[in-house]
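K.L.:
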């Protein structure tokens, strides 16, 4: 019985055949599917008497599902699991790249004291320039990317030791 | 080294790697291929410095190849093979269905003497009515489809014994 | 506006109407025969109802089953597409009697135009020119007398029909008896009605038809012409607009005649008035009126910018058509080629099979109306139309160039198609000059065969074809586990 | 006409130009960086030449390597597309000096319009209204003095640039120093030229641009306007024509001004004159001229019926443009949405990855200009544009309805896209009313987030997703044997 995460929320799914269709339990709530047909173009699902074509793609633990222009990127997790550390947050002083790109300039060095909001780096991707700012007042403990380096989304690029007053903000 | 037939002609092919490309011999004649790349949409082939995308599909012994709107249906045969008995001909008194369809009416019975050109059957497919005519003067030896029956292309539907004067026509 | 519409048709036209419904926010109900259970139009519909076995008489012509399906699914209206029940007045009436809306003209208008003899009387009374002909007693002897009076060549055709079925040109009297018998037989199979009419045959005639649109509030306009002279045995294969034969004056006179013809029968919704035009005299004659959407409607959509399938629905829902005749115009030039599953090098006999590959062209000014995709089947039960390739460009020269490009980008494997034949027509100097009449194909290209020998590139690809994965030969929806319909297993 | 053309660009615009070449019977040569070796435009070209590593400065901006590739392949002309070297006067001149044809305006016209200060002087002299501004000494102190004179808010922008790069609105004096530094930095990276100009900022302005076309025989026309006010941080996301803001009188006056602007610099070929329009006063001001094909050119093609990419080539080959201004008109309404690989719920940051699925819409009035297909990669090296979805319909209401339908039929997996954001803009009452100005998105939709929770249908599909073969996860061109490039082995 798989569980998936989307936007920090976990969905635990149970699938039970029921007549021509299925009974799907999502965290206790029930969705009745009248019928389902896998088709070359997508999954055809009949809900409340009406057929819908939903597009699905899987890559490893990631399952994409889309319909009517809205695409959802679900990540498979252990059932009842908690969200893994991902997403472009800063939290505990680990500053992560919010996008894949190239480091245009590094504006700080290890040991510097920085204020919250101070620019640490300039990133560029797809002709866009993004300032990486300090999420807290603190001291630069490590810098993991130099000017010209290519970084991935969510890669830790700077580590700060945050002053206590901001660290849980 | 495969051989293929198209329109009663057999092509014996030999493929020899040559640099980045291939040397292809077709019944002794040589085609030099500069380079080749299989792509999701088709086979990219560079001939005389220019790339072309050729579409290929295989189903059993049949290989379809098409380019610029022209599609060729090749049938794989034993090398140096002769054309197998196919195509909607009549030849030796075996009358074959020229198309898939349904028998609308049978206008003859076994033992009848028929003239060349006499209508033996009416076939219908895709809203089109086709008269099956006797390919020779002769006697009906067998009828292999009755009114209402569905027949395939090239299926033998009537057998005639042809009078000698027309049989080699 | 309707909430849900049932489409009493299949193939590309069902796909076309489903798209129109979905754009307008309307749910679409498909009906289908056993042969079409996996068809594209069924997969696109919001609901689908099985109505019978493959033969049309047992499914798509089953009026009661279709009306019953509409009732059960709560559809408020039925769109008949073209062919099948589209021009069946009794069906239109039955739909109305069931409390549903028929998306098409009133049954009285269908009946008036469906009976060719009746139509000629009404149209002649409205002042529209018709060819000399005979529409009286339907007995072979009376028809033969009329043929002799009119003078050969004559056209013998089904009183109820259209599309070349039950139609024969008779060049001399000796051919008359067999022609009438064959025409009656085809008419009976196609329309369940074997009455015939006979009329003067005009050689070198062009087929030029006018699209009309009439709303339920008495407003009738024409949407200009379609030149449909490129035909093989009465089957249209290439259509275009504007017609290379017409000038503004002739266009205006024919358009007015088309509007008068529609008004003569109290027409409402989309319809097409067909004329033959004598290129020598520039006289035109009413041929028949098709009381439904035409196969070739997209070229009119491209040059006028109007969506005819949507307007059929909007007019049926009571909406007034807002444009006056003088607001409408033709912009650029549009061409349609019908890609058929048939073998042009083998007498154009039908070709059936599974589509190992159905690759359609893309690009600016290219539109494809297709009822099939890779993996779908072309069966002998229905029409051999695989797809309509339609282009729009700034003028006729650019449109022909674009069509040649588009057909060159099309790849169909699994059945033989007429694409090489279409390309040769497009490149023919008579076609370029706009000189093709309705018998041009049968006369000039009767012995057509393609340049037959595969060129080096084709042979090279053949030799190298094992490089490609055999995607076409595999089922497109390869199961993920042992049984694709049993997710219970695959999820464990 | 040319026999062979080299395309000095990538992505969807390279695909667009290859199609134009092939329709005209011209061979197309692609140049590509290492990141694009498998790209769709490379696969479509007749020949392809590798010109360098992924960073644009080392490949698509390498003028010498590109001209060398043209020489080696025997191309007679170079089409620059948009971006990269398209508005680089030195490149245009170098192409000409190499004995090749540059498919675009003369280098002198590019230089005149590329320098914003110079452009404003020339345009003002031609009688075209410009915004109050300053284009003198390029020193921070002089610019700051000018800003104070003009009065805040002011716009600081790159003298050489376009597309929002190196452009800043400065609302008060305290922000000026940092804004100028950032603008210079961006301008230097984007254009290799960090000179700035400053001008009056008009709040609630609409961005309305006119397409012009000038042949080599002195004939200049405009092809009407494009309304491009729906922008996020100077990046256009939805364009349409006609503009809901213009009436026939304003359209005629702006069109005449656009033609005058083109004539002022001896313009030849396709170009775009951008204006800002004050909706309160209905005054318009020259903004800049883009001396190349625009991203949004398809909407003009749809309403005028002309193929701009082909006309660029035909004009460069010396062909006269045959239509007078009064022959041209807008038919119907066209809209373009730019589908970007970016996450609108996460500050619109770029999203990169492999396209597990790229399913684009089909149907009447729908056109898709895309540079990618399923299996292709979106990398961080280039523009995040995945595809342009373009629709044409009879009026604005029908066009918006059609666009909503088309985006609903689009499915992109593997990267996050802005489609849900585009749909919300299309459904917004301000957009329906035609009230969106250039800051509307940033003002009204700054805090946009999608309706976030997946509905029952999505969760059901998630639970049932193991029913589907994982086509997306497999390589699309799965090798038939152990080594797909070694047919010798697989044929034995």
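Protein chains in written order, with the working numbering: chain A, 2 to 170; chain B, 2 to 170; chain C, 103 to 594; chain D, 103 to 594. Using N, Cα and C, we set each Cβ at its ideal position, and we do this for glycine too. As the structure is a prediction and not an experimental result, all values here were calculated from the model.
(1) Distance, Cα to Cα, residue 229 of chain D vs residue 245 of chain D?
(2) Only counting runs of 3 or more residues, tell me where the beta strand (DSSP E) segments fall wholly within the stretch 154 to 189 of chain C, in order along the chain.
(3) Per DSSP, residue 134 of chain A is paired with what?
(4) Ordered along the chain, which non-local residues of its own chain (more than five positions away) have a Cβ less than 8 Å from that of residue 212 of chain C?
(5) Name the chain A residues that come within less than 9 Å of residue 477 of chain C, Cβ to Cβ?
(6) Measuring alpha carbon to alpha carbon, tell me which of A/126, A/136, A/73, A/134 ends up nearest residue 555 of chain D.
(7) Just list the residues that DSSP pairs residue 52 of chain A with in beta bridges.
(8) Give the residues from the stretch 396 to 407 of chain D that approach chain C closer than 9 Å (Cβ to any Cβ), ordered along the chain.
(9) Between D/510, D/295, D/231, D/111, which has its C-alpha nearest residue 181 of chain D's C-alpha?
(10) I need the straight-line Cα distance from residue 508 of chain C to residue 468 of chain C, nearest angstrom please.
(11) Run through the stretch 193 to 271 of chain C for me and flag every whole alpha helix (DSSP H) of 4 or more residues, listed as ranges in chain order.
(12) Just mark residue 108 of chain B as buried or exposed, buried being the case when its beta carbon has 16 or more other beta carbons within 10 Å.
(13) Does residue 334 of chain C come out as helix, strand or coil in the three-state DSSP assignment?
(14) Please state the DSSP three-state secondary structure of residue 431 of chain D.
(15) Please state the DSSP three-state secondary structure of residue 120 of chain C.
(16) Should the stretch 147 to 161 of chain D be regarded as contacting the stretch 357 to 368 of chain D, the criterion being three or more beta carbon pairs within less than 8 Å?
(17) If I measure Cβ to Cβ from residue 117 of chain D and keep anything under 8 Å in the same chain, skipping five residues before and after, which residues do I get?
(18) Report buried or exposed for residue 102 of chain B, applying the criterion of at least 16 other Cβ atoms within 10 angstroms of its Cβ.
(19) Taking the alpha carbon of residue 558 of chain D as the point to measure from, which residue in A/78, A/97, A/47 has its own alpha carbon closest?
(20) Could you pull the DSSP bridge partners for residue 495 of chain C from this structure?
(21) Please check the pair residue 157 of chain B and residue 104 of chain B, which I expect to be a contact at CB under 8 Å, by giving their CB distance rounded to whole angstroms.
(22) Within its chain, find whatever has a CB closer than 6 Å to the CB of residue 530 of chain D; leave out the 5 residues flanking it on each side and keep chain order.
(23) Does any residue of chain D bring its CB to less than 8 Å from the CB of residue 122 of chain A?
(24) Give the secondary structure of residue 16 of chain B by DSSP, where H, G and I count as helix, E and B as strand, and everything else as coil.
(25) Write down the C-beta distance between residue 127 of chain A and residue 308 of chain D rounded to the nearest angstrom, noting that I regard them as a contact closer than 8 Å.
(26) If I'm right that residue 114 of chain C touches residue 487 of chain C with Cβ under 8 Å, what's the distance once you round it to whole angstroms?
(27) Can you give me the start and stop residues for the beta strand (DSSP E) that residue 311 of chain C sits inside?
(28) Going by DSSP, what residue range makes up the alpha helix (DSSP H) through residue 303 of chain C?
(29) Short of 7 Å Cβ to Cβ, which residues in the stretch 451 to 470 of chain C face chain B?
(30) With H, G and I counted as helix, E and B as strand and the rest as coil, what does DSSP make of residue 291 of chain D?
(31) Short check: CB of residue 517 of chain D to CB of residue 457 of chain D, under 8 Å?
(32) Short of 9 Å Cβ to Cβ, which residues in the stretch 46 to 66 of chain B face chain G?
(33) Would you verify that the beta carbon of residue 566 of chain D is, or is not, closer than 8 Å to some beta carbon of chain A?
(34) In terms of residues, what are the limits of the beta strand (DSSP E) holding residue 528 of chain C?
(35) Please list, in chain order, the residues of the stretch 113 to 146 of chain A that have any C-beta partner in chain D closer than 8 Å.
(36) Inspect the beta-carbon positions of residue 55 of chain B and residue 68 of chain B and report whether they are closer than 8 Å.
P.N.:
A quick look at the data gives this:
(1) Here residue 229 of chain D is taken as the residue at index 127 of the fourth chain, counted from 1. Here residue 245 of chain D is taken as the residue at index 143 of the fourth chain, counted from 1. Distance between the alpha carbons of residue 229 of chain D and residue 245 of chain D is about 25 Å.
(2) Fully enclosed beta strand (DSSP E) runs of 3 or longer: 179 to 181.
(3) Translated into the one-based positions of the first chain, residue 134 of chain A becomes position 133. Note: residue 134 of chain A sits in a beta bridge opposite A/120.
(4) Your numbering for residue 212 of chain C matches position 110 in the third chain. Here the set comprises 189, 190, 191, 194, 206, 393.
(5) Taking the third chain and counting its residues from 1, the one referred to as residue 477 of chain C is at position 375. Listed along the chain, the chain A residues whose CB falls inside 9 Å of the CB of residue 477 of chain C are 41.
(6) Counting from one through the fourth chain, the residue named residue 555 of chain D turns up at place 453. Taking only the C-alpha atoms, the option nearest residue 555 of chain D is A/73.
(7) Within the first chain, the letter at position 51 stands for residue 52 of chain A. In DSSP, residue 52 of chain A forms a bridge with A/47.
(8) Residues 400, 403, 404, 405, 406, 407.
(9) Your numbering for residue 181 of chain D matches position 79 in the fourth chain. Checking every option, the nearest Cα to that of residue 181 of chain D belongs to D/111.
(10) Position 406 of the third chain, counted from the start, is the residue given in the question as residue 508 of chain C. Position 366 of the third chain, counted from the start, is the residue given in the question as residue 468 of chain C. C-alpha of residue 508 of chain C to C-alpha of residue 468 of chain C: approximately 7 Å in a straight line.
(11) Those alpha helix (DSSP H) runs which fall completely within the stretch 193 to 271 of chain C and span 4+ residues are 209 to 216, 218 to 227, 242 to 252.
(12) For this step, residue 108 of chain B is matched to residue 107 along the second chain. So residue 108 of chain B ends up on the exposed side.
(13) Reading the third chain from its first residue, position 232 is the one you call residue 334 of chain C. In the structure shown, residue 334 of chain C adopts extended strand secondary structure according to DSSP, grouped into three states.
(14) Here residue 431 of chain D corresponds to residue number 329 of the fourth chain, with the count starting at 1. Judged by DSSP in its simplified three-state form, residue 431 of chain D adopts coil rather than helix or strand.
(15) Looking up residue 120 of chain C in the third chain gives position 18. DSSP places residue 120 of chain C in the helix class (H, G or I) of the three-state scheme.
(16) Short answer: they don't touch.
(17) The sequence position of residue 117 of chain D within the fourth chain is 15, counting from 1. Excluding positions up to five away in sequence, the list reads 142, 143, 146, 471, 472, 473.
(18) Translated into positions along the second chain, residue 102 of chain B becomes position 101. With 16 or more other Cβ atoms within 10 Å, it is buried.
(19) Here residue 558 of chain D corresponds to residue number 456 of the fourth chain, with the count starting at 1. Per the Cα distances, A/47.
(20) The count along the third chain starts at 1 and reaches residue 495 of chain C at position 393. Note: residue 495 of chain C sits in a beta bridge opposite C/435.
(21) Residue numbering aside, residue 157 of chain B sits at position 156 when the second chain is read from its first letter. Residue numbering aside, residue 104 of chain B sits at position 103 when the second chain is read from its first letter. That belief does not hold up - the Cβ atoms of residue 157 of chain B and residue 104 of chain B are roughly 13 Å apart, past 8 Å.
(22) For this step, residue 530 of chain D is matched to residue 428 along the fourth chain. So no residue of the chain qualifies.
(23) Within the first chain, numbered from 1, the residue matching residue 122 of chain A stands at position 121. Interface annotation, residue 122 of chain A: not in contact with chain D, CB-CB separation never under 8 Å.
(24) Position 15 of the second chain, counted from the first residue, corresponds to residue 16 of chain B. Three-state DSSP puts residue 16 of chain B in a strand.
(25) Sequence index remark: in the first chain, residue 127 of chain A carries index 126 (1-based). Sequence index remark: in the fourth chain, residue 308 of chain D carries index 206 (1-based). In fact, because the Cβ distance is near 27 Å, the residues do not count as touching under 8 Å.
(26) In the third chain, counting from the first residue as 1, residue 114 of chain C sits at position 12. In the third chain, counting from the first residue as 1, residue 487 of chain C sits at position 385. Their Cβ separation, rounded to whole angstroms, is 7 Å, which keeps residue 114 of chain C and residue 487 of chain C in contact under 8 Å.
(27) Here residue 311 of chain C corresponds to residue number 209 of the third chain, with the count starting at 1. Here the beta strand (DSSP E) through residue 311 of chain C covers 308 to 316.
(28) In the third chain, counting from the first residue as 1, residue 303 of chain C sits at position 201. Taken as a continuous stretch (DSSP letters only), residue 303 of chain C belongs to no alpha helix (DSSP H), as it is neither H nor E.
(29) Interface annotation for the stretch 451 to 470 of chain C against chain B: 451, 452, 454, 458, 459, 461, criterion Cβ-Cβ distance under 7 Å.
(30) As a first step, residue 291 of chain D must be located in the fourth chain, where it is residue number 189. Residue state, collapsed to three classes: helix.
(31) If you number the fourth chain from 1, residue 517 of chain D lands on position 415. If you number the fourth chain from 1, residue 457 of chain D lands on position 355. Taking 8 Å as the cut-off, the beta carbon of residue 517 of chain D is found closer than this to the beta carbon of residue 457 of chain D.
(32) In the structure shown, chain G does not exist; the protein chains are A, B, C and D.
(33) By 1-based counting over the fourth chain, the position of residue 566 of chain D is 464. Chain A, which has a Cβ nearer than 8 Å to the Cβ of residue 566 of chain D, makes this yes.
(34) By 1-based counting over the third chain, the position of residue 528 of chain C is 426. In the DSSP assignment, residue 528 of chain C falls outside any beta strand (DSSP E) and within the unbroken alpha helix (DSSP H) covering 521 to 528.
(35) Along the stretch 113 to 146 of chain A, going in chain order, the ones with a CB nearer than 8 Å to a CB of chain D are 125, 126, 127, 128, 129, 130, 131.
(36) Within the second chain, the letter at position 54 stands for residue 55 of chain B. Within the second chain, the letter at position 67 stands for residue 68 of chain B. Yes; because the gap between Cβ atoms is below 8 Å, this pair is in contact.
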